[in-house]
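Colleague: Position 148 of the sequence shown, counting from 1, maps to 435 under the numbering used here, and the rest follow consecutively.
Starting off with a structure, shown below.
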Amino acid sequence: MDRLQYEVSVKEQNLSEKAPNLAVLAEYKEKTDLFIQRTNELEDVTLHRNKARQFLEEVRQQRLSEFLDGYSIITHKLKEMYQMLTLGGDAELELVDSLDPFSEGIVFSVRPPKKSWKNISNLSGGEKTLSSLALVFALHYYKPSPLFVMDEIDAALDFKNVSIVGNYIKDRTKNAQFIIISLRSNMFELADHLIGIFKTWDCTKSVTINPKAYGKNSRPTSQLLYFVIPYTERTEII
């Protein structure tokens, strides 16, 4: 009998030691709520991330589409401009990587009249000038700029090409204003206004002339051309 009572007391003690900890249930509920909260936050962040990725991809596709559209227009116009300026040459813009045009850039090649294709870096001074102007005019056609400032763009050109460039600016770019620094008479004689800069008694002075006031056959234009003539000791106004 004593033995049975002892065993009962041992069992009761073991049961009391193994009594469930009800505080664990509260902790479990707290952890479960925190897990649900973190899961919802993760889903929300993932949703925003996916939207950002989609927006980024749409922007990339839009950038590529607009770039290729502009590239096509500028390339076509460049050919036309270069052929007009050189009376028969050809020019080409070529993507180094057509699959990713933003990674490697663009190669600018031209074929001067009666010559082979060359990279623009291998051209003479006059050929580089005509090529660069053709590209500038093509870019202006695609996205017009209101004002251009050009510093002696005719320095490396012969008389014929100076006249071609000057008359093109005069007749074909009436939606822009040009300020051109030049020492070539067949360039600045086309101007609407002439501004001469010269030095007198260690001071810089300027004089402005309206060629229309002196030319009998001058005609008004809708554009405004200023040709700035840098004066030296041997430079004279005609």
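Virtual Cβ for every residue (Gly too), placed ideally from N, Cα, C.
Kindly indicate which three-state DSSP category V346 falls into: helix, strand or coil?
Modeller: Helix, per DSSP.
Colleague: How about F435 and F465: are their beta carbons less than 8 Å apart?
Modeller: yes
Colleague: Roughly how many angstroms separate the alpha carbons of V297 and L329, rounded to a whole number?
Modeller: 51 Å
Colleague: Please identify the residue among S469, S411, L382, Y315 whose C-alpha is closest to the C-alpha of G483.
Modeller: S469
Colleague: Tell me which same chain residues have a C-beta within less than 8 Å of the C-beta of Y429, skipping the five on either side of it?
Modeller: G357, I360, I361, K364
Colleague: Given this structure, state the Cα-to-Cα distance separating L477 from K405, to the nearest angstrom.
Modeller: Looking at the two C-alpha atoms, the distance is approximately 32 Å.
Colleague: Please classify D331: does DSSP put it in a helix, a strand, or coil?
Modeller: helix
Colleague: For the structure I just gave you, are there three or more beta carbon pairs, one from the region 324-341 and one from the region 397-404, closer than 8 Å?
Modeller: With the cut-off at 8 Å, the region 324-341 and the region 397-404 do not touch.
Colleague: Note down the Cα distance separating T460 from Q349, rounded to an integer number of angstroms.
Modeller: Approximately 30 Å, taken between the alpha carbons.
Colleague: I'd like to know if the region 404-423 and the region 368-388 are in contact, where contact means that at least 3 CB-CB pairs between them fall below 8 Å.
Modeller: The region 404-423 makes contact with the region 368-388: 3 or more CB pairs, one atom from each, lie closer than 8 Å.
Colleague: Do R471 and D445 have their C-beta atoms within less than 8 Å of each other?
Modeller: no
Colleague: Do you know how far the Cα of Q300 is from the Cα of R290?
Modeller: 15 Å
Colleague: Return yes when the Cβ of L410 is within less than 8 Å of the Cβ of I393, no when it is not.
Modeller: no
Colleague: In its own chain, which residues sit with a C-beta less than 8 Å from the C-beta of N454, not counting the 5 before and 5 after it?
Modeller: L477
Colleague: Can you tell me whether N448 is buried or exposed, with buried defined as 16 or more other CB within 10 angstroms of its CB?
Modeller: buried
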